[in-house]
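Q: My questions will all concern the structure given below.
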Amino acid sequence: MKKLLVIGIGAGHPEHITVQAIKALNRAKVFFILDKGYANDDLLRLRRDICERYIEGDDYRLLQVRDPKREDDRQSYRHGIEHWHEQRAVLFEQLIAEQVTDDEPGAFLVWGDPALYDSTLRILERVLARARQVFDYQVIPGITSVQALAAQHRIALNRIGEPVVIITGRRLGQQQGVEIDNTVVMLDAHCGFERFVDQDLYIYWGAYLGTVDEILICGPLREVCEQIKRTRQAARAEKGWIMDTYLLRRAVD
Ligand SMILES: C[S@@+](CC[C@H](N)C(=O)[O-])C[C@H]1O[C@@H](n2cnc3c(N)ncnc32)[C@H](O)[C@@H]1O
1364 MKKLLVIGIG
1374 AGHPEHITVQ
1384 AIKALNRAKV
1394 FFILDKGYAN
1404 DDLLRLRRDI
1414 CERYIEGDDY
1424 RLLQVRDPKR
1434 EDDRQSYRHG
1444 IEHWHEQRAV
1454 LFEQLIAEQV
1464 TDDEPGAFLV
1474 WGDPALYDST
1484 LRILERVLAR
1494 ARQVFDYQVI
1504 PGITSVQALA
1514 AQHRIALNRI
1524 GEPVVIITGR
1534 RLGQQQGVEI
1544 DNTVVMLDAH
1554 CGFERFVDQD
1564 LYIYWGAYLG
1574 TVDEILICGP
1584 LREVCEQIKR
1594 TRQAARAEKG
1604 WIMDTYLLRR
1614 AVD
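See the structure below:
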């Protein structure tokens, strides 16, 4: 049977990769590198570097494929995502049909960990449901940007016995009137933390975590809010892209 490996490669640091992932890299024969068509060549380069660094020998192929562009659906966010996932399922199906054989496993290199805000596993389930391709797949966990954020700030995500919530910037925007605590925010293009500046919160912010361009800022939100906004805007303008994550935490009484 055809075999696929979904390998978490960490969120930017080339050494944030597990021994299990290195072994999986050495089992795969074709790597699908999804090019999102952004200006973020850096992210493609990191995937290539990881292959060159950890794969022994050169008996493998890297296949850079253009990821279908996600069109915003004005009627429904869910419908837009659904349509995009279907397009990606068709693409994955074609790649598996044409590039993977019983003797040559294929691999998807997933940023961070495949379990966190990544659709690769959902798309593979979709491909299986379409029943045109039969394959088995294995998931190899990776270090998430959330773990990298906590490590770089040298903090635990929760205080003793407290829960941790991980949400998107979009969802944070819907949290009007909700008490925020130990909340990790990802995929926030609009500095959603600014809306909470009047609350007594502490923020731990990190951009380009694990890379040479890493930026870390932390402090009481009302004191560092403007600094983070300015820094984020300048970095994004300079590099053409940004990935940032932050933890919002209620200050202790
Ligand atoms: C589509 S999600 C992918 C998350 C990934 N699967 C993970 O495990 O971290 C992309 C978001 O992850 C966060 N992210 C990923 N890499 C990052 C990095 N190196 N530094 C800061 N944030 C990062 C950002 O919030 C970004 O918008």
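First residue of the sequence shown? That's 1364 in the working numbering, and the numbers climb one at a time after it.
By construction, the Cβ of each residue, glycine as well, lies at the ideal position given by its N, Cα and C atoms.
Within the same chain, show all residues whose beta-carbon is closer than 6 Å to that of GLY1375, passing over the 5 residues directly before and after it, in chain order.
A: Walking along the sequence shown from the start, residue 1375 turns up at place 12. Around GLY1375: LEU1572, GLY1573, THR1574.
Q: Taking buried to mean at least 16 other C-beta atoms within 10 Å of its own C-beta, is PRO1468 buried or exposed?
A: Residue 1468 sits at position 105 when you count from the first residue of the sequence shown. The residue in question, PRO1468, is buried, as its Cβ has 16 or more Cβ neighbours within 10 Å.
Q: Within this structure, are the beta carbons of TYR1423 and PHE1394 separated by less than 8 Å?
A: For the purposes of this step, residue 1423 is taken as the residue at position 60 of the sequence shown. For the purposes of this step, residue 1394 is taken as the residue at position 31 of the sequence shown. In this structure, PHE1394 lies closer than 8 Å to TYR1423 by Cβ.
Q: Within a Cβ cutoff of 7 Å, which residues of the same chain sit near VAL1560, ignoring the five residues on either side of it in sequence?
A: Working through the sequence shown from its first residue, we reach residue 1560 at position 197. The residues are LEU1584, ARG1585, CYS1588.
Q: Does the beta carbon of TRP1474 fall short of 7 Å from some heavy atom of ligand 1?
A: On the sequence shown, residue 1474 is found 111 positions in, with the first residue counted as 1. Because some heavy atom of ligand 1 lies under 7 Å away, the Cβ of TRP1474 counts as near it: yes.
Q: Can you give, in chain order, each stretch of the beta strand (DSSP E) that sits fully within the region 1478-1547 and has at least 3 residues?
A: Entirely contained in the region 1478-1547, the beta strand (DSSP E) runs reaching 3 residues are, in chain order, 1498-1503, 1528-1531.
Q: I'd like to know if the region 1439-1450 and the region 1403-1412 are in contact, where contact means that at least 3 CB-CB pairs between them fall below 8 Å.
A: They do not touch, by the three-pair rule.
Q: Any heavy atom of ligand 1 closer than 7 Å to the Cβ of GLY1573?
A: Numbered from 1 along the sequence shown, position 210 holds the residue referred to as residue 1573. Yes, Cβ of GLY1573 sits closer than 7 Å to a heavy atom of ligand 1.
Q: What's the gap between the Cα of TRP1447 and the Cα of THR1483?
A: To locate residue 1447, count along the sequence shown from 1; it is residue 84. To locate residue 1483, count along the sequence shown from 1; it is residue 120. Spanning the two alpha carbons is a distance of roughly 12 Å.
Q: Across which residues does DSSP place TYR1609 in a beta bridge pair?
A: The residue labelled residue 1609 in the question sits at position 246 within the sequence shown. Note: TYR1609 sits in a beta bridge opposite VAL1548, TRP1568.
Q: Alpha carbon to alpha carbon, how far is ARG1522 from MET1549?
A: Here residue 1522 refers to the residue found at position 159 when the sequence shown is read from its first residue. Here residue 1549 refers to the residue found at position 186 when the sequence shown is read from its first residue. Their backbone Cα atoms lie some 20 Å apart in a straight line.
Q: Taking 8 Å as the cut-off, decide whether the C-beta atoms of ARG1451 and PRO1477 are in contact.
A: Counting from 1 along the sequence shown, the entry for residue 1451 is found at position 88. Counting from 1 along the sequence shown, the entry for residue 1477 is found at position 114. Contact: no.
Q: Using 8 Å as the threshold, is the C-beta distance between CYS1414 and LEU1397 below it?
A: Numbered from 1 along the sequence shown, position 51 holds the residue referred to as residue 1414. Numbered from 1 along the sequence shown, position 34 holds the residue referred to as residue 1397. Contact: no.
Q: Under 8 Å, Cβ to Cβ, is there at least one residue of chain B near LEU1388?
A: Structure shown: chain B not included; a single protein chain is present.
Q: Please tell me whether, using a cut-off of 7 Å, the distance from the CB of GLY1569 to the nearest non-hydrogen atom of ligand 1 is below it.
A: By one-based count along the sequence shown, residue 1569 stands at place 206. Under cutoff, so the answer is yes.
Q: Output the distance between the C-alpha atoms of GLN1510 and LEU1479, rounded to the nearest integer angstrom.
A: Sequence index remark: in the sequence shown, residue 1510 carries index 147 (1-based). Sequence index remark: in the sequence shown, residue 1479 carries index 116 (1-based). Using only the alpha carbons, I get a separation of about 11 Å.
Q: So is the beta-carbon of VAL1560 under 7 Å away from any non-hydrogen atom of ligand 1?
A: Position 197 of the sequence shown, counted from the start, is the residue given in the question as residue 1560. Flag unset: Cβ of VAL1560 not near ligand 1.
Q: DSSP three-state label for LYS1392, please.
A: Stepping through the sequence shown from its first residue, residue 1392 is reached at position 29. Looking at LYS1392 - three-state DSSP - the assignment turns out to be coil, as it is neither helix nor strand.
Q: By Cβ distance below 7 Å, which residues in the same chain neighbour GLN1462 in space, the five residues on each side in sequence not counted?
A: Position 99 of the sequence shown, counting from 1, holds the residue named residue 1462. Only VAL1393, LEU1426, GLY1469 meet the Cβ criterion.
Q: Within 7 Å: the Cβ of ASP1481 and any heavy atom of ligand 1?
A: On the sequence shown, position 118 is the one that residue 1481 refers to. Yes, Cβ of ASP1481 sits closer than 7 Å to a heavy atom of ligand 1.
Q: CB-CB under 6 Å to LYS1366, same chain, minus the five flanking residues each way: which ones, in chain order?
A: Within the sequence shown, numbered from 1, the residue matching residue 1366 stands at position 3. Contacts found: PRO1468, ASP1499.
Q: At a cut-off of 7 Å, is VAL1382 close to ligand 1 when judged by its beta-carbon and the heavy atoms of the ligand?
A: Numbered from 1 along the sequence shown, position 19 holds the residue referred to as residue 1382. Every heavy atom of ligand 1 is 7 Å or more from the Cβ of VAL1382, so no.
Q: Which first and last residues belong to the alpha helix (DSSP H) in which CYS1414 is found?
A: Numbered from its first residue, the sequence shown carries residue 1414 at position 51. Unbroken alpha helix (DSSP H) run through CYS1414: 1404-1417.
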